[in-house]
Amino acid sequence: MFAYYIYLIQTNVRFRIKQEEFIMKRVYNEKISPRANESLTRREHTVQTQKRVIVLVCVLVIFAVILIGNSIITFAGSRAEQPVHKYYTSVQLQKGDSLWSLADQYAASDRTSRAQFIDEVCELNGISEDNTLHSGEYLVVSYYSPEIR
873 MFAYYIYLIQ
883 TNVRFRIKQE
893 EFIMKRVYNE
903 KISPRANESL
913 TRREHTVQTQ
923 KRVIVLVCVL
933 VIFAVILIGN
943 SIITFAGSRA
953 EQPVHKYYTS
963 VQLQKGDSLW
973 SLADQYAASD
983 RTSRAQFIDE
993 VCELNGISED
1003 NTLHSGEYLV
1013 VSYYSPEIR
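In structure tokens, the structure reads:
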């Protein structure tokens, strides 16, 4: 039944350890004044408060990172899932128009290349790339739009 005392250097607090279990009773240091003991008690409370604030800030930062990451993933997924529909329209050729200028204007760069667009226009209109286009002619071209028409 030996009682041992451990002095904590930082806060100058003494704890009693008895029969392998902690008895967390604070024993004031009799060697210093009561006012100094009160100062130590205030310091202990300040340290505890600081630790609680640090833990709270860490939890809030982790929560914010998870929330922002989830929002970014959700937003990116919703944009990729937006359906795009293919439509056809008739275009009257103006002076100086070519298949390449139509491809620049109507081809969706993320869907088809300019060469693929020109091949499709030639197939739709029954012409070849070598045919001469004249102003006033009409060509059927395809285009993509997210709107339903």
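Positions in the sequence shown are counted from 1; adding 872 to them yields our numbering.
Positions of the beta carbon are idealized from the N, C-alpha and C atoms, including for glycine.
Cβ-Cβ separation between L965 and V993: approximately 11 Å, too far for a contact (criterion under 8 Å). Restricting attention to D969, T961 and Y1016, the CA atom closest to the CA of A980 is found in Y1016. DSSP places V931 within a helical segment (H, G or I) once states are collapsed to three. Three or more Cβ pairs closer than 8 Å define a contact, and the region 931-940 falls short of that threshold against the region 968-978. Judged by DSSP in its simplified three-state form, S962 adopts strand.
Comparing alpha carbon positions, the residue from N1003, R983 and Q922 closest to H957 is R983. By the Cβ-count criterion, F989 is buried, with 16 or more other Cβ atoms from all chains shown falling within 10 Å of its own Cβ. Beta-carbon to beta-carbon, Y959 and S1007 are separated by about 24 Å, too far to satisfy the 8 Å threshold. Taking all protein chains shown into account, L996 has fewer than 16 neighbouring C-beta atoms within 10 Å of its C-beta and is therefore exposed. Between L1005 and S970 a beta carbon distance of about 7 Å is seen, short of the 8 Å cut, so the two are scored as contacting.
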